[in-house]
Ligand code: TRP
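Numbering (the numbering used here), first residue to last: 1189 to 1550.
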């Protein structure tokens, strides 16, 4: 059985370090390991409209930002098919059929959607398109026969929904879809990177993000202002490592070689943590170290970004070609869908003769 990877993001803003460790890093790794037959990365503009229907301009602008973020972290247009969701019309058509296989109460139970409804103040006026986006997300995955979906931890309920819909479609009509699986980071710290303010999540609306596109100066300023341990006032005070954003980021980004390179008096992160816990290690020192570790990662990211920024028409060509390719696959798969459901009236050669026999026998 072929391995087909598919994933994507809503183009509602620039991607940040939380996106990187939570999902992008896994995608790049999978791409480079090459253990797949096809890899798609989709820009989910139609899904982004489900809660930004009044601001299409924002989506339009961020398609380019997200594409630049993808390429800058090392996703390779020679290995990955990038496409734009709204271009593939078959996705909408499949969604319309899948909607018959799910109840309203099932959609209302989705924990990710539930918490989004709260945070977006949709409690009193919920747009229907928003409530059903997990069904549309199922189409995104299964229209391409994808079985592997590298995503952030918060997307697990979407995959659960997708598997249920696959089972329902296959048993109601015909076995043509397979059940997809999410791939989330092994390193627990990476699943949800806190904000620089110590808030549990990096999020644009909380203004606590370090973006992949931030300049050297911006990153430094953010790191130096980062939340640590409020009880660690004097350098000699013992400090807390748990819940301390600097250490959480180090857990996510730093490797032993960073110590050799930038902080040779410690062998590894455990030694640094021990010193901090004992007291005698200042916040400025650990922040400066984190800044260097992050810059090690970000310098090549900025270089790749600058390269692609010089040729936006090339960027659009990549998306356009990928969208055409995805659309061709979608068209083929939708024929299977209609055949499975028996609604392929004009492509079914047997239908007319069967009907003729039936009416002749009257
Ligand atoms: N819901 C995802 C997000 O908010 C984006 C997305 C849309 C997606 N369709 C997908 C992710 C299909 C994986 C597979 O980031």
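Glycine included, C-beta positions come from ideal geometry on N, C-alpha and C.
Predicted, not measured: the structure shown is a model, and the values here were computed from it.
Check	Outcome
Check each candidate in 1207, 1318 and 1533 and name the one with the smallest Cα separation from residue 1341.	1207
Any idea what DSSP makes of residue 1322, helix, strand or coil?	helix
So, for residue 1269: in the same chain, excluding its five sequence neighbours on each side, which residues have a beta-carbon less than 8 Å away from its beta-carbon?	1226, 1227, 1228, 1229, 1510, 1513 and 1514
Would you say residue 1343 touches the ligand TRP, meaning its beta carbon is less than 7 Å from a heavy atom?	yes
Confirm the yes/no value for this check: CB of residue 1325, any heavy atom of the ligand TRP, distance under 7 Å.	yes
Please list the terminal residues of the continuous beta strand (DSSP E) segment that includes residue 1269.	1269 to 1272
Closer than 8 Å by C-beta to residue 1413: which residues in its own chain qualify, once you throw out the five before and the five after it? Chain order, please.	1384
Please list the terminal residues of the continuous alpha helix (DSSP H) segment that includes residue 1195.	It is not in any alpha helix (DSSP H) - residue 1195 instead sits in the beta strand (DSSP E) that spans 1192 to 1197.
Going by alpha carbons, who is nearest to residue 1442 out of 1478, 1387 and 1254?	1478
In terms of residue numbering, what span does the alpha helix (DSSP H) encompassing residue 1302 cover?	1299 to 1307
Quick check: what's the CA-CA separation for residue 1456 versus residue 1363?	52 Å
Given a threshold of 16 other Cβ atoms within 10 Å of its Cβ, counted over all protein chains shown, does residue 1260 qualify as buried or as exposed?	buried
When you compare only the Cα positions, how much space is there between residue 1223 and residue 1271?	21 Å
Roughly how many whole angstroms lie between the Cα atoms of residue 1493 and residue 1212?	15 Å
CB residue 1386 to CB residue 1427, shorter than 8 Å?	no
For the alpha helix (DSSP H) containing residue 1514, name the first residue and the last one.	1500 to 1529
Say the cut is 7 Å; is the CB of residue 1235 nearer than that to a heavy atom of the ligand TRP?	yes
Which residue from 1410, 1352 and 1294 puts its Cα closest to that of residue 1483?	1410
Using 8 Å for Cβ pairs, my map puts residue 1392 next to residue 1201. What's the rounded Cβ distance?	5 Å
Is the region 1329 to 1345 in contact with the region 1395 to 1406, if contact means three or more CB pairs nearer than 8 Å?	no
Can you tell me whether DSSP reads residue 1488 as helix, strand or coil?	helix
Measuring from the CB of residue 1337, is there a heavy atom of the ligand TRP at a distance below 7 Å?	yes
Could you tell me if the beta carbon of residue 1346 falls within a distance shorter than 7 Å of some heavy atom in the ligand TRP?	yes
Between the Cα of residue 1508 and the Cα atoms of 1276, 1417, 1235 and 1280, which residue gives the shortest distance?	1276
Start and end of the beta strand (DSSP E) containing residue 1218?	Taken as a continuous stretch (DSSP letters only), residue 1218 belongs to no beta strand (DSSP E), being part of the alpha helix (DSSP H) at 1213 to 1221.
Is the distance from the Cβ of residue 1214 to the Cβ of residue 1338 below 8 Å?	yes
Quick check: the Cα distance between residue 1326 and residue 1357, rounded to an integer number of angstroms?	12 Å
Which residue marks the beginning of the beta strand (DSSP E) containing residue 1428, and which one marks its end?	Counting along the chain, residue 1428 falls outside any beta strand (DSSP E), and DSSP gives it neither H nor E.
Could you tell me whether the Cβ of residue 1496 comes closer than 8 Å to any Cβ of chain B?	Within the model displayed, chain B is absent; a lone protein chain is all it includes.
Alpha carbons only, please: which of 1286, 1237, 1461 and 1522 is nearest the one belonging to residue 1535?	1522
How far does the beta strand (DSSP E) with residue 1231 in it extend, from its first residue to its last?	1226 to 1231
Considering residue 1545, what are the terminal residues of the beta strand (DSSP E) in which it resides?	No beta strand (DSSP E) holds residue 1545; the alpha helix (DSSP H) holding it covers 1537 to 1548.
For the structure I just gave you, are there three or more beta carbon pairs, one from the region 1249 to 1256 and one from the region 1277 to 1295, closer than 8 Å?	no
If we ignore side chains and look at the alpha-carbon of each, how far apart do residue 1242 and residue 1274 end up?	16 Å
What is the residue span of the beta strand (DSSP E) that residue 1336 lies within?	1336 to 1338
I need the boundaries of the alpha helix (DSSP H) containing residue 1254, first residue and last residue.	1244 to 1260
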